[in-house]
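Trainee:
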Amino acid sequence: MKDNYAIEMLGITKRFGSILANDHIDIRLKKGHILAICGENGAGKSTLMSILFGLYEADSGIVKKDGVEIKVASPHDATKYHIGMVHQHFKLVDTFSVLQNIILGEEVLKEYEENPNFLQKCFNWLNKNVLKIIDYDKARKEVEQIVERYGLHVDLDKKVKDISVEMQQKTEIIKMLYRKNDILIFDEPTAVLTEQEIHEFLLILNNLKKEGKSIIFISHKLNEIFEVCDEITVIRNGKCIDTLNTKETTKEAVSALMVGRKVELLSKPSRLGYSEEVLRVEHLTMVDPRSKKAVVNDVSFNVRKGEIVTLAGVDGNGQQEVIYGITGIKKTQRGTVLLNDKDISAFSTREKTKAGLSHIPEDRQRHGLVLDYSISENAILDRYYEKRFSKCLFLNQKAIKKYAADLTEKYDIRSNGDENTAVRSMSGGNQQKIIVGREIERNADLLIAVQPTRGLDIGSIETIHNILLKQREEGKAILLVSLELDQVFALSDRILVMYEGEIVGEFSPEEVSRDLLGLYMSGAKRDRVNAIK
Amino acid sequence: MNKTKSFFSSILKKNATKTVITSLWCALLGLVLGFVVLLCINATEAGYGMSSILGNFLIFKSPDDRWNYFGQTLAKTAPLIAMSLSILVSYKAGLFNLGASGQYSVAAMVITFMGIGANLPWWLVMMAAMVAGALWSLITGALKAFFNVNEVLSGIMLNWVALYLVNGILTSSPAVWDSSHSEASKISSASNAFIPSIGLDKLFAGNPIVGLGMVLVLVASVIIYVLFKKTTIGYELKATGLNSDAADYAGMSKVKNILVATAISGALAGLSASLSLQNGFTSWRLSSTPPVIGFQGISAAFLGGLHPVGVIFSSYFIEHITEGGSMITDLGFAPEVASLITSMIIYFSGFVAFFKEMMRKYEIKDEFRRISRNKGELR
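Structure below.
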């Protein structure tokens, strides 16, 4: 049965300084199967794959392909053994066309093939060794064959910077196939995709499997794993915990293995007894200055105390703009925003903060943090001016340090140093916890959370969900923007579906099915809704 | 053994140490290349030429001469420190003050009128110079803050506007203009506007240009250090410089911060003019190019690792080389050679960023491992 495996990694150990990133990990990928490797951020998945792809050298352990031991010392070797990898952050040249990116490094040169005469032979030699003129027509034909065979439709002539993330991912996949790879590694491929795109991506994976490719799929999203994978290897703290057959296990079992404990979401008590309105948005309209199109069109809704209202919808249907409008990052054309019955539409960001608005922004690295600042400097980013932290222009370093230490402890923010560690060196989950902690601790009446768990692992998601639910219990009003239906259903009291800048449906999570919500999100159904309750 | 090794490697990993090392490397590289050029021009005198560039005041035999020229180098360092502080402040706030020469020019004009024409007390003249520099700089700042005009472009253009404005006004003011030398009259040591030497001249063999100015510029360095380390203003400016979107999100006012940064930066350029003109050593000269100190300040700021204390040393180094260079003309080198060598050294000093990048690349494998150890994603 030995040759049944496409790839075997046996006893892989890798140590970085004092930290054991991989501790005798065994994985076996069967031919024509999809193997999921799942584990929390920092469990050692990426290190393991980097070893397979030749970016790192293992301290001990062997790699076998088709039962034969191989030595992969560089990505170049990996290509030689037909091992391909799509990294989480794509390795594409922005200003090149899709076609150019695909053939990059494996260019087809112009060549006279059928019985070349002397001159043509000369040209062949010259082109092969000196000129290196690329035969784009021939390359295109080869690429088009792949595109047809796997149904990966991409405009080959567009520049990479002009195409969507989904298309860029397809480009990466074609790139692997063009190199005739039969072992395909995907490092968290769905982190950047929307719900619909993920669905399509999983179909592609199945297609590839049907064509006999063996695939390693790194992810911590269990839904996807259970949809397409044959086996699951769970890694925790650098150790291989277990390998399970997807058909014989459950999501709950796998997630417990991943975190090392049972994941428990606080159950959401049904409606709390509050009724006071905290946020009221009336007729909000926003126009994109470039396209002159209304990205938010006459949107009205409110959020009451102890209530989580979720703006759901496919990415880019105006949810983010509504938040930008409320928080003042972008200008609004029409409409009023009332916070605790006070009109804050014309307030500056600072005045809004002071009026009781807390905001966990969508893009933590762009808006939420100054990456080169330390944990303590970031902990006071929107409250350094408070009396508690500064006196007559001078920062109160002692108070700041103390506060940051408390925050770090309370929200379990982990770094490899103390409060003076630069945030840049920390993992995404821990960066997010700084922001969440900072905004919650401000104890504002309204908390706006935009995709608060994007890119985080199960453990961190659980922590943040529970924090939000606790805030709700304490009577805070929470406005949530989420693209993930699981989250929408787990947290919301009211779901407002946005489509093309309008609220097209209002539901309570108990009354609506995923399918119906999907119809509204895709614009197949729409009502005109004034969501003020 | 292992312990000392890890001790050293932990020191080496510190950012400050890295900056110091790269700065020293750059200075050394500049010196070596300067020496090569000297060798090409006049091989026999090159060794002696280099030693006089490096030795500066040390080439004099008598202790009095040595102290005198040492004092002179120190006094000329003061304006350069002020100028590099000016560059540093704007840079930390995410702006690049290429208009420092213009701010210097306008301040120089104010000093000439107030110091020579009106014979006002030195501190008043100094403050006026700083205000003038700040106001001129605020033109760039306002354009940036309200209309998002690139501060580099407007700064450079305003350099020329300032240059011709000052040239024009001063040459047509006979009260302060010495037309026989094509320069403004110098501030004499007897004048009210002369920065007092508070006895420091006696330490330096009676060289009158050594004085309070040096002390003041050190105080300015400390103030800037404290500003960025301890105050909310510095906290805001740095946040704006590092990530202006996050600063926006946190409710910091972009307009205010740009104006504050450009004003402080301009005031320091004004201080620079005051420190070089109000000790009678030099005065405004008719010239067709903006004062070069505005650009030397950039080299000094980067060579000093963009640190308020670092720039004290880098400014001294640059001034030391410049002064030393001016002496090699006596050895049969053309005066241009001296400027060529010194500007080459200064030029390579500006490579700090490049060397830092090299060091970073050297460590990038380490970094990559550390990050991927911490988390799955590489963002």
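Chains as they are written, first to last, in our numbering: chain C, 5 to 537; chain F, 1307 to 1685. Backbone N, C-alpha and C define an ideal beta-carbon position, used for all residues, glycine too. Please read all numbers here as calculations on a predicted model, not as lab measurements.
Pull up the DSSP beta-bridge partners for C/I66, would you.
Mentor: DSSP output for C/I66 lists C/L14 as bridge partner(s).
Trainee: Of all Cβ atoms in chain C, is any one closer than 8 Å to the Cβ of F/D1551?
Mentor: Chain C contact via Cβ: present.
Trainee: Given this structure, state the Cα-to-Cα distance separating C/V454 from F/L1612, to the nearest angstrom.
Mentor: Spanning the two alpha carbons is a distance of roughly 37 Å.
Trainee: With DSSP as the reference, label C/T247 as helix, strand or coil.
Mentor: Here C/T247 sits in strand by DSSP.
Trainee: Shortest alpha-carbon distance to C/R476 belongs to which of C/T314, C/V516, C/L181 and C/Y154?
Mentor: Nearest option by C-alpha distance: C/T314.
Trainee: Does the CB of F/L1548 have a neighbour CB from chain C at under 8 Å?
Mentor: Chain C contact via Cβ: present.
Trainee: I'd like to know whether the C-beta of F/K1562 is nearer than 8 Å to at least one C-beta of chain C.
Mentor: So, not an interface residue.
Trainee: So, for F/A1413: in the same chain, excluding its five sequence neighbours on each side, which residues have a beta-carbon less than 6 Å away from its beta-carbon?
Mentor: So the list reads A1435, A1438, G1439, G1576 and A1579, once near-sequence residues are dropped.
Trainee: Contact check, F/L1609 vs F/C1346 under 8 Å by CB: the rounded distance?
Mentor: F/L1609 to F/C1346, Cβ: 25 Å. No contact.
Trainee: Would you say C/L495 and C/E510 are within 8 Å of each other, going by their C-beta atoms?
Mentor: The answer is no: Cβ separation not under 8 Å.
Trainee: Does the region 365–383 of chain C come close enough to the region 1541–1556 of chain F that 3 or more CB-CB pairs lie under 8 Å?
Mentor: The region 1541–1556 of chain F, when compared against the region 365–383 of chain C, does touch it at the 8 Å Cβ threshold.
Trainee: Indicate whether at least one CB of chain D lies closer than 8 Å to the CB of F/K1536.
Mentor: The question asks about chain D, but that chain is absent: this structure's protein chains are C and F.
Trainee: Taking DSSP's pairing of strands, which residues face C/L283 in a bridge?
Mentor: Per DSSP, C/V307 and C/L343.
Trainee: Note the first and the last residue of the continuous alpha helix (DSSP H) segment covering F/F1453.
Mentor: First-last of the alpha helix (DSSP H) with F/F1453: W1428 to F1453.
Trainee: Applying a beta-carbon distance threshold of less than 7 Å, which residues of chain F neighbour C/R392?
Mentor: Going along chain F, no residue has its Cβ under 7 Å from C/R392, so there is no contact; the nearest lies around 13 Å.
Trainee: Scan the region 1449–1524 of chain F and note each continuous alpha helix (DSSP H) run of 4 residues or more that stays entirely inside, going in chain order.
Mentor: Whole alpha helix (DSSP H) segments, 4+ residues: 1457–1477 and 1506–1509.
Trainee: Just to make sure I have the definition right: I need the residues of chain C whose C-beta is within less than 9 Å of the C-beta of F/Y1555. Which are they?
Mentor: In chain order: T331, I333, T353, H363, P365, R370, H371, G372, L385 and D386.
Trainee: F/I1539 CB to nearest chain C CB: under 8 Å?
Mentor: For F/I1539, the answer is yes, since a Cβ of chain C falls inside 8 Å of its Cβ.
Trainee: Establish whether the CB of F/A1545 and some CB of chain C are separated by less than 8 Å.
Mentor: Chain C contact via Cβ: present.
Trainee: Count Cβ pairs between the region 130–140 of chain C and the region 71–85 of chain C that sit closer than 8 Å; are there 3 or more?
Mentor: The region 130–140 of chain C is not in contact with the region 71–85 of chain C.
Trainee: Could one say the Cβ of C/T357 lies closer than 8 Å to chain F's Cβ atoms, at least one of them?
Mentor: It does; some Cβ of chain F falls within 8 Å.
Trainee: Counting only C-beta atoms, is C/Y389 closer than 8 Å to chain F at any point?
Mentor: Yes, because at least one Cβ of chain F sits closer than 8 Å to the Cβ of C/Y389.
Trainee: Check the DSSP bridge columns for C/M290 and list the partner residues they point to.
Mentor: For C/M290, which the question treats as bridged, DSSP gives the partners C/V300.
Trainee: For C/S378, list the residues DSSP reports as bridge partners.
Mentor: C/A426, per the DSSP bridge assignment.
Trainee: In the DSSP assignment, find the alpha helix (DSSP H) that holds F/D1370 and state where it starts and stops.
Mentor: Unbroken alpha helix (DSSP H) run through F/D1370: P1369 to K1398.
Trainee: What does the Cβ neighbour count give for F/Y1375, buried or exposed, with the cut at 16 atoms within 10 Å?
Mentor: Classification for F/Y1375: buried.
Trainee: At the level of alpha carbons, what is the spacing between F/F1366 and F/M1356?
Mentor: Computed Cα separation, rounded: 15 Å.
Trainee: Which residues, in order along the region 135–150 of chain C, keep a beta-carbon less than 9 Å from a beta-carbon of chain F?
Mentor: Of all residues in the region 135–150 of chain C, none has a Cβ within less than 9 Å of some Cβ in chain F.
Trainee: Since F/M1558 is in the alpha helix (DSSP H), which residue starts that stretch and which ends it?
Mentor: Taken as a continuous stretch (DSSP letters only), F/M1558 belongs to no alpha helix (DSSP H), as it is neither H nor E.
Trainee: At the 8 Å Cβ level, is C/L399 part of the contact set with chain F, yes or no?
Mentor: So, interface residue.
Trainee: In terms of alpha-carbon separation, which member of F/Y1653, F/G1630 and F/L1574 lies closest to F/S1396?
Mentor: Minimum Cα distance to F/S1396 is reached at F/L1574.
Trainee: Given this structure, state the Cα-to-Cα distance separating C/I438 from C/D345, to the nearest angstrom.
Mentor: Cα to Cα, the separation comes out at about 30 Å.
Trainee: Check whether the region 319–329 of chain C and the region 478–488 of chain C touch, using three or more Cβ-Cβ pairs below 8 Å as the test.
Mentor: Touching, yes, given that three or more Cβ pairs across the two stretches are closer than 8 Å.
Trainee: Tell me, which residues are paired with C/S394 by DSSP?
Mentor: C/L399, per the DSSP bridge assignment.
Trainee: For C/L538, return the contacting residues in chain F, with the cut-off set at a CB-CB distance below 8 Å.
Mentor: Chain C is shown only over 5 to 537; residue 538 of chain C falls outside these bounds and no answer can be derived.
Trainee: Relative to the alpha-carbon of C/K297, which residue among C/T17, C/A40, C/G505 and C/P513 has its alpha-carbon at the smallest distance?
Mentor: With distances taken between Cα atoms, C/K297 lies closest to C/G505.
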